[in-house]
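K.L.:
Chains as they are written, first to last, in our numbering: chain A, 682 to 832; chain B, 682 to 832. Mind looking over this structure? Questions follow.
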DNA sequence: TCGAATCGTAACAATAATAGTTACATGAAA
DNA sequence: TTTCATGTAACTATTATTGTTACGATTCGA
């Protein structure tokens, strides 16, 4: 199966929206994300329901971020997407009759539960303004490289 | 995408093989795992290369576990499978030119790296004899339930 | 009021990863 | 030498994600 890249995509979109202080259309965001405007609408729908963004139709419409970047964590965004499954690995059978398989599932679940909790906690520690600050650092570094690069 | 259930499946297989002190054929294992003997061979091939099991052809052939359950961790088995990707979520683009996307990828990678390390460490803490002991506990509990259950 | 811009959404196609199946070759034991 | 069993390649089936097409609904501005 393909990997789920929705979290990555909407984080990218939110940061572009925050940079620009006017609504961005689905077409514009699709160009940023190298995807399709329908995919943008479909994915952003969850964020709208969660109150992270608002959308407007017609002339001058588009997507606007509703909250300050410092008040949104990656976990908020993950939740707004409906908390998709994080792990690629899973059980062969969910409710096995075989007691051996039950014991295996239980051992795997224990390990995965801890890892999932840690990941979600980490997502909750990162607000989007932190990522925006990292972007600015990278932009400065690139400028510096361009102006001193002799290749 | 379908979930990867190979780790679950081979753990299940290894425990059945350990219970039985004779080689088990791919057909027998396939019946235990509700799958196909070719899938069993394909998946077990990695464990054979890692030295966890051996296989024999012809009459009396089949699969035998090579090491004591107490010397094999879930992590060993995971490694023998080629350390498949653990996460369902990922980046939209691996090497983006967009600095915003680079910053997003970096933030996600940080969180996922920690979670992956924890999961792999947890897998390394569980030896297969621990799972076998849990199986025995479950078997006793089921017997007890059967003998006292009045429904 | 009309028309262009824009989102909302359903339905369908494309892509990719896993798992299952068929077919046949290889090797070992009775 | 026949039967049992693995080894493996090639193909199919299944499933989740992503992309596309089509059309309806709403909003703004001329």
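All C-beta atoms, glycine included, are put in the ideal place defined by N, C-alpha and C.
#1: Assuming contact is defined by CB atoms lying nearer than 7 Å, are residue 699 of chain B and residue 753 of chain B in contact in what I supplied?
#2: For residue 733 of chain B and residue 695 of chain B, what's the separation of their Cα atoms in angstroms?
#3: Is the CB of residue 770 of chain A under 7 Å away from at least one CB in chain B?
#4: Going by the DSSP bridge assignment, what does residue 705 of chain B pair with across the sheet?
#5: With a cut-off of 8 Å, do at least 3 Cβ pairs link the stretch 713-728 of chain B to the stretch 804-814 of chain A?
#6: Going by Cα to Cα distance, which pick from A/822, A/703, A/766, A/739 is closest to residue 687 of chain A?
#7: Can you round the beta-carbon distance between residue 744 of chain A and residue 710 of chain A to whole angstroms, since I take them to be within the 8 Å contact cut?
#8: With distances taken Cα to Cα, identify the nearest neighbour of residue 788 of chain A among B/726, B/821, B/815, B/799.
#9: By the three-class DSSP mapping on this structure, what secondary structure does residue 685 of chain A have?
#10: Nearest to residue 740 of chain B by CA position, among B/707, B/794, B/791, B/825, is which residue?
#11: Ordered along the chain, which non-local residues of its own chain (more than five positions away) have a Cβ less than 7 Å from that of residue 703 of chain B?
#12: Taking 7 Å as the threshold (beta carbon to beta carbon), is residue 819 of chain B in contact with chain A?
#13: Could you name the residues of the same chain whose beta carbon sits closer than 6 Å to that of residue 729 of chain B, not counting the 5 residues immediately before and after it, in chain order?
#14: What separation, rounded to the nearest whole angstrom, lies between the Cα atoms of residue 768 of chain B and residue 684 of chain B?
#15: Would you kindly work out how many angstroms separate the C-alpha atoms of residue 751 of chain A and residue 798 of chain B, rounded to a whole number?
#16: For residue 771 of chain A, collect the residues of the same chain with a Cβ closer than 7 Å to its Cβ; drop the 5 residues on either side in sequence, then sort them by chain order.
#17: Using only alpha-carbon positions, find the residue among B/777, B/790, B/727, B/716 that is nearest to residue 804 of chain A.
#18: Could you tell me which chain A residues have their CB closer than 7 Å to the CB of residue 824 of chain B, listed as they occur along the chain?
#19: Would residue 780 of chain A and residue 690 of chain B be called neighbours here (beta carbons separated by less than 7 Å)?
#20: What do you reckon, are the CB atoms on residue 727 of chain B and residue 762 of chain B nearer than 7 Å?
#21: Quick check on the burial criterion: 16 or more other C-beta atoms within 10 angstroms. Buried or exposed for residue 825 of chain B?
#22: Of all the CB atoms in chain A, is at least one closer than 7 Å to the CB of residue 809 of chain B?
P.N.:
Quick look at the numbers:
#1: Stepping through the second chain from its first residue, residue 699 of chain B is reached at position 18. Stepping through the second chain from its first residue, residue 753 of chain B is reached at position 72. It is not a contact, given that the beta carbons lie outside the stated cut-off.
#2: Here residue 733 of chain B is taken as the residue at index 52 of the second chain, counted from 1. Here residue 695 of chain B is taken as the residue at index 14 of the second chain, counted from 1. Rounded to whole angstroms, residue 733 of chain B to residue 695 of chain B spans 9 Å at the Cα level.
#3: The sequence position of residue 770 of chain A within the first chain is 89, counting from 1. Residue 770 of chain A counts as touching chain B.
#4: In the second chain, the residue the question calls residue 705 of chain B occupies position 24. Beta-bridge partners assigned by DSSP to residue 705 of chain B: B/744.
#5: Flag = no, the stretch 713-728 of chain B and the stretch 804-814 of chain A do not touch.
#6: Sequence index remark: in the first chain, residue 687 of chain A carries index 6 (1-based). For the residues A/822, A/703, A/766, A/739, the minimum Cα distance to residue 687 of chain A belongs to A/766.
#7: The residue you call residue 744 of chain A lines up with position 63 of the first chain. The residue you call residue 710 of chain A lines up with position 29 of the first chain. At roughly 7 Å, the Cβ-Cβ gap stays under 8 Å, so residue 744 of chain A and residue 710 of chain A are in contact.
#8: To locate residue 788 of chain A, count along the first chain from 1; it is residue 107. Comparing Cα-Cα distances from residue 788 of chain A to each of B/726, B/821, B/815, B/799, the minimum goes to B/815.
#9: Taking the first residue of the first chain as position 1, residue 685 of chain A is located at position 4. If DSSP states are grouped into helix, strand and coil, residue 685 of chain A belongs with the strands.
#10: In the second chain, residue 740 of chain B corresponds to position 59, counting from 1. Measuring from the Cα of residue 740 of chain B, the nearest candidate turns out to be B/707.
#11: Counting from one through the second chain, the residue named residue 703 of chain B turns up at place 22. Nothing listed; no residue qualifies.
#12: Here residue 819 of chain B corresponds to residue number 138 of the second chain, with the count starting at 1. Answer yes: the Cβ-Cβ gap between residue 819 of chain B and chain A drops below 7 Å somewhere.
#13: Indexing the second chain from 1 puts residue 729 of chain B at position 48. Taken in chain order, the residues that qualify are 736.
#14: The count along the second chain starts at 1 and reaches residue 768 of chain B at position 87. The count along the second chain starts at 1 and reaches residue 684 of chain B at position 3. If I take the Cα positions, the gap works out to 10 Å.
#15: As a working mapping, residue 751 of chain A is identified with position 70 in the first chain. As a working mapping, residue 798 of chain B is identified with position 117 in the second chain. Roughly 28 Å separates the two Cα atoms.
#16: On the first chain, residue 771 of chain A is found 90 positions in, with the first residue counted as 1. So no residue of the chain qualifies.
#17: Numbered from 1 along the first chain, position 123 holds the residue referred to as residue 804 of chain A. Considering only alpha carbons, the answer is B/790.
#18: Reading the second chain from its first residue, position 143 is the one you call residue 824 of chain B. Ordered by position in chain A, no residue passes the 7 Å Cβ test against residue 824 of chain B, which lies about 11 Å from the chain.
#19: Here residue 780 of chain A is taken as the residue at index 99 of the first chain, counted from 1. Here residue 690 of chain B is taken as the residue at index 9 of the second chain, counted from 1. Cβ distance not < 7 Å, so residue 780 of chain A and residue 690 of chain B don't count as in contact.
#20: The sequence position of residue 727 of chain B within the second chain is 46, counting from 1. The sequence position of residue 762 of chain B within the second chain is 81, counting from 1. Yes. Within cutoff.
#21: Along the second chain, read from residue 1 onward, the residue named residue 825 of chain B stands at position 144. Burial call: exposed.
#22: For the purposes of this step, residue 809 of chain B is taken as residue 128 along the second chain, with counting starting at 1. So no, residue 809 of chain B is outside the interface.
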